[in-house]
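Down below is the structure, laid out as structure tokens.
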Amino acid sequence: MGDLWGRIWRWITDNAAALGAVGAIAAVVVAIYFGAAAPQTPGNTTTVSGVGNVVGSNNSVTVNNGLTLKDALALVEAQVAHWQGLTREQEQTIREQERQLGVNQGTFQSFFAILQEKNVLQEQWPAKLVEIAERHMALRKQVQSIPVNDGRILELKQKVEAAIADGHHDVADDLLAQVLELQGVEMAAAWGSRGELAMTRLRYADAAHHFASAANALPPTQGARKLAYLEREAAAWNRQGDEFGDNAALEKSIELYKKLLEAYPRGSTPDDWARIQNNLGNALQVLGGRESDTTRLEEAVQAYREALKEWTQARVPLKWAMTQNNLGAALSRLGDRESGTTRLEEAVQAYREALKVRTQARVSLGWAGTQNNLGIALRSLGERESGTTRLEEAMVAVQNALRVAQESGASHFIQVFESNLQEIRALLAERKGKS
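Each residue of the sequence shown is one higher than the one before, counting from 19 in the numbering used here.
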């Protein structure tokens, strides 16, 4: 393993310019295939929310320990295209930094240590590796920007001493206020960096506390920065609740997002207001999915619909499509709990709206995720109807999703889509057998 890993690493280094940062990340995923890993733990098939992350699968994965170096490098190249598709909007930034990241073999090993520490399912490793690496890049830039021995503070202190010596106490007081403000900004930056470091290590609860400390360290004059740290705190609690089943963390996230809505009035900050509404909807949807009562899911639907009042198709089409997809997921969950079909019909409509913008040509994997979600909603409708029309539509939608996932080499999507397709085919066969 060690020698083979070294050869792979040398190949990555030699081809760094062609691969780019995301390519290097994808290459590391090859290491999974060379380890003596246990089969992945099966989970539950779910819809695809947000930008298209799939969580869970009904199928376990067989790990192939017999790949050759040639096979491994071919897998690297196949994965590069996949990851570049997932990070299209960030591609320019990544390319600018690819030679300056300082990401080495030891860094990658620390990434895997994070995954193991947090017991992340192997099927989620590829996406998590990219996420951790992106945070690693951002964290390095943030830490480099922290001022050391700020000359402005020294200059202000000298002015304070002079003002006091001259008896200008009002001037001295104003200058001391400026010193405190600068020191508060520096302290907040340090707390913020600790928060981002904790996020990189998937220690979301620690990150939330650090972001809260950053917000508290800032003086009243830094209102915008304070809100930004509070939003990071809310996001950290959301991740803690979503990924680790921590409902109390989700409740904290929801509470913070609701407070942030008060700080971002729709009239003066419409884009911020819509973003918070969407994020609030995400937290409500996850928590509502775990509760027998449907109140949280109803609130999630309302939050998404509020966001869509500002994130319109004409103004921000991709954000509009993302929110339509999220709305569809919440409506689908509600529909599964109700005896009627109204919510499921609304979910189907929301997904079809999203697909008007989230096209295969524009965002192929996002399109595949929404097609999968549409198929799930149609399947639920088909189960409640006597004919086969909805089930056949569901099969077509999931087949479309699977085809694109296969073309992109997105293995973690493929497993989920294949499982969903198998279930739909079984339902169709049973329905046709009874007719």
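Glycine included, each C-beta is placed from N, C-alpha and C at the ideal position.
Quiz item: What residue range is occupied by the uninterrupted alpha helix (DSSP H) comprising Lys177?
Solution: 169-183
Practice problem: Given a cut-off of 8 Å, decide if Leu396 and Arg380 are closer than it, judged by their beta-carbon atoms. | Solution: no
Quiz item: Is the region 230-241 touching the region 194-209, taking contact as three or more C-beta pairs under 8 Å?
Solution: yes
Quiz item: Can the beta-carbon of Val422 be found closer than 8 Å to that of Ala386?
Solution: yes
Quiz item: Does the beta-carbon distance from Tyr282 to Leu298 come in below 8 Å?
Solution: no
Exercise. Helix, strand or coil for Arg351, going by three-state DSSP, please let me know.
Key: helix
Quiz item: With distances taken between CB atoms, is the gap from Leu362 to Leu399 smaller than 8 Å?
Solution: Yes, these two residues count as a Cβ contact at 8 Å.
Quiz item: Could you give the distance in angstroms between the alpha-carbon of Leu215 and the alpha-carbon of Leu439?
Solution: 39 Å
Practice problem: Give the DSSP-derived three-state secondary structure of Gly210 in the structure shown. | Solution: helix
Exercise. State the Cα-Cα distance for the pair Trp338 and Gln295, rounded to the nearest angstrom.
Key: 12 Å
Practice problem: Report the three-state DSSP secondary structure of Glu309 (helix, strand or coil). | Solution: coil
Exercise. Could you give the DSSP three-state label for Trp338: helix, strand or coil?
Key: Reduced to three states, the DSSP call for Trp338 is helix.
Practice problem: Could you name the residues of the same chain whose beta carbon sits closer than 7 Å to that of Lys136, not counting the 5 residues immediately before and after it, in chain order? | Solution: Cβ within range, chain order: Leu220.
Quiz item: Which residues mark the beginning and the end of the alpha helix (DSSP H) in which His186 is found?
Solution: Neither: His186 is in no alpha helix (DSSP H) and is coded neither H nor E.
Quiz prompt | Cut-off 6 Å between Cβ atoms - residues of its own chain near Gln196, not counting five sequence neighbours on either side | solution = Leu174
Practice problem: List the endpoints of the continuous alpha helix (DSSP H) containing Gln424. | Solution: 407-426
Quiz item: Taking DSSP as the reference, what is the three-state secondary structure of Thr287?
Solution: coil
Exercise. Would you kindly work out how many angstroms separate the C-alpha atoms of Glu356 and Thr313, rounded to a whole number?
Key: 13 Å
Quiz item: What separation, rounded to the nearest whole angstrom, lies between the Cα atoms of Ile272 and Gly259?
Solution: 11 Å
Quiz prompt | For Leu326 and Gln424, the rounded distance between their alpha carbons | solution = 32 Å
Practice problem: Using beta-carbon positions only, say whether Leu383 and Ser429 come within less than 8 Å of one another. | Solution: no
Quiz item: Given that a residue counts as buried once 16 or more other Cβ atoms are within 10 Å of its Cβ, and exposed if not, what is Glu251?
Solution: buried
Quiz item: According to DSSP, is Leu460 helix, strand or coil?
Solution: Residue 460 falls outside the range modelled here, since the chain spans only 19 to 453, and no answer is possible.
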